[in-house]
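**Student:**
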Amino acid sequence: MGESMKTFWLGGVATLAIMASLAGQANAADLPAAAPAYKTPAVVPSPAFNWSGFYVGANVGYGWGNDDGAQITDFPPTVATFAIGQTPTALRFRQKGVIGGAEAGYNWQSASLVYGVEADISATDIKGSGTFFFPGSILGAPETTTASSSLDWLATIRGRLGFTPVDRLLIFGTAGVAFGQVKNGLSIVANNPAIPFFDVAAGSRESTRVGWVAGLGTQYAVTNDIFAKVEWLYYDLGTSTASVNEVLNGVPLPSGFSSSVKTNGNIVRFGLDYRFGGPVVAKY
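So for the sequence shown, our numbering puts the first residue at 1093; every next one is plus one.
(1) Looking only at its chain, what residues have a beta carbon closer than 7 Å to the beta carbon of Gly1155, apart from the 5 residues adjacent to it on each side?
(2) The beta strand (DSSP E) spanning Thr1248 covers which residue range?
(3) So, for Leu1205: in the same chain, excluding its five sequence neighbours on each side, which residues have a beta-carbon less than 7 Å away from its beta-carbon?
(4) Give me the Cα-Cα distance between Gly1363 and Phe1224, rounded to the nearest whole angstrom.
(5) Smallest Cα separation from Leu1325: which of Gly1145, Asn1151, Ser1144, Tyr1147?
(6) What number of angstroms, rounded off, separates the C-alpha of Asn1284 from the C-alpha of Phe1271?
(7) Here's the rule I'm using: 16 or more other beta-carbon atoms within 10 Å means buried, otherwise exposed. How should Asp1259 be labelled?
(8) Once you ignore the five residues that flank Phe1368 on each side, which residues in its own chain have a CB closer than 6 Å to its CB?
(9) So which of Thr1248, Gly1220, Gly1157, Val1322 has the shortest CA-CA distance to Ser1242?
(10) Ala1203 by DSSP, collapsed to three states: which one?
(11) I want to check one thing, is the minimum distance from the CB of Ser1335 to the heavy atoms of the ligand SAM below 6 Å?
(12) When you compare the CB positions of Trp1245 and Gln1273, do they come within less than 7 Å of one another, or not?
(13) Evaluate Asp1159 with the Cβ neighbour count: other Cβ atoms within 10 Å of its Cβ, from every protein chain shown; 16 or more gives buried, anything less gives exposed.
(14) Name the residue from Thr1310, Ser1351, Gly1157, Val1314 whose alpha carbon lies nearest to the alpha carbon of Leu1183.
(15) Mind listing, in chain order, the continuous beta strand (DSSP E) runs of no fewer than 3 residues lying wholly within the segment 1135-1214?
(16) Could you tell me how far apart the beta carbons of Gly1197 and Ser1214 are, in whole angstroms, since I believe they sit closer than 8 Å?
(17) Name the two residues that bound the continuous beta strand (DSSP E) containing Leu1231.
(18) In whole angstroms, what is the alpha-carbon distance linking Trp1200 and Ile1249?
(19) Alpha carbon to alpha carbon, how far is Ala1239 from Val1343? Give it in angstroms, no decimals.
(20) So with Cβ pairs under 7 Å, would you call Thr1300 a contact of chain B?
Right under this line is the structure:
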């Protein structure tokens, strides 16, 4: 009797354990599935601004040269008129004035390096003149000497090389070939009505000069296709000479004077460029 009761109780306990396990599994199956954990999508940074592409624009600025002015010589060489102080050997003056024009170019960009080519042409009012008056003496008649020089237009073809220290800002250097229309003038008038004596040597010479140009600048992309810039350029078109013959009392003479002027100087200008068909820049 005792063994039977013990077997009965053990079987009951086992049966209850099996039923409890089955009930737990059933309740777990009835529960809804756990929602997946939410992950914030990764933010893809917008690409850095790219300067590549073709652009056109306009610029305006101011130019000034050195104060060397004109060096004056005579032909055939003599010393008389210079020795007595009637004619100066040099007239000092500075060429200066406004400049403005148009430009076009193309940029390529590789990482932070930007390189390209640019051409421009500008009308200029860069000019200067100097005058010397000799009041007259027993050695020479009163005389007025005037020398002038002007740069009528300036064009350049330049390479550009720069880098972008921060997005949308470009710092660059530039150098190339310069072309310009230079006009030099010289007028020497000696007049002594008492003799009578009237000697004049006057005229001008225009020439297209070729030289070089170099400078520095910075540019900022106001929008994806509009760029504002400021740049400094130094140009050098060499020395040009204007020679004029004397006319004494209406009679042309084989002698005369020459005026030599260096055409070089600095330009600071501001520009605004528009780019066509540049790279697409993503926006967020």
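Note that beta-carbon positions come from the ideal geometry of N, C-alpha and C, so glycine has one too.
**Tutor:** Taking the structure as given:
(1) In the sequence shown, counting from the first residue as 1, residue 1155 sits at position 63. The answer, listed in chain order, is Lys1188, Gly1189, Ile1191, Thr1216, Ile1218, Gly1357, Asn1358, Ile1359.
(2) The sequence position of residue 1248 within the sequence shown is 156, counting from 1. Element bounds for Thr1248: 1235-1258.
(3) Taking the first residue of the sequence shown as position 1, residue 1205 is located at position 113. These residues qualify, in order along the chain: Phe1255.
(4) Here residue 1363 corresponds to residue number 271 of the sequence shown, with the count starting at 1. Here residue 1224 corresponds to residue number 132 of the sequence shown, with the count starting at 1. For Gly1363 and Phe1224, the distance between alpha carbons rounds to 39 Å.
(5) As a first step, residue 1325 must be located in the sequence shown, where it is residue number 233. Here the closest residue by C-alpha is Asn1151.
(6) Residue 1284 sits at position 192 when you count from the first residue of the sequence shown. Residue 1271 sits at position 179 when you count from the first residue of the sequence shown. Taking the straight line joining both Cα atoms gives about 43 Å.
(7) Here residue 1259 refers to the residue found at position 167 of the sequence shown. When all chains shown are included, Asp1259 counts as exposed.
(8) Taking the sequence shown and counting its residues from 1, the one referred to as residue 1368 is at position 276. Contacts found: Phe1146.
(9) Translated into the one-based positions of the sequence shown, residue 1242 becomes position 150. Minimum Cα distance to Ser1242 is reached at Gly1220.
(10) The residue given as residue 1203 occupies position 111 in the sequence shown. Of the three classes helix, strand and coil, the one that applies to Ala1203 here is coil, per DSSP.
(11) For the ligand SAM, the structure offers nothing, since it holds no ligand at all.
(12) Translated into the one-based positions of the sequence shown, residue 1245 becomes position 153. Translated into the one-based positions of the sequence shown, residue 1273 becomes position 181. Taking 7 Å as the Cβ cut-off, Trp1245 and Gln1273 qualify as a contacting pair.
(13) Numbered from its first residue, the sequence shown carries residue 1159 at position 67. That one is exposed.
(14) Translated into positions along the sequence shown, residue 1183 becomes position 91. Closest option to Leu1183, Cα to Cα, is Ser1351.
(15) 1145-1157, 1162-1167, 1188-1202
(16) Position 105 of the sequence shown holds residue 1197. Position 122 of the sequence shown holds residue 1214. Contact doesn't hold; Cβ gap of about 15 Å is too wide.
(17) For the purposes of this step, residue 1231 is taken as the residue at position 139 of the sequence shown. Element bounds for Leu1231: n/a, residue is neither H nor E.
(18) Locating residue 1200 in the sequence shown gives position 108, where the first residue counts as 1. Locating residue 1249 in the sequence shown gives position 157, where the first residue counts as 1. Approximately 17 Å, taken between the alpha carbons.
(19) Along the sequence shown, read from residue 1 onward, the residue named residue 1343 stands at position 251. Along the sequence shown, read from residue 1 onward, the residue named residue 1239 stands at position 147. Answer to the nearest angstrom: the Cα atoms are 23 Å apart.
(20) No chain B is present in this structure, which holds just one protein chain.
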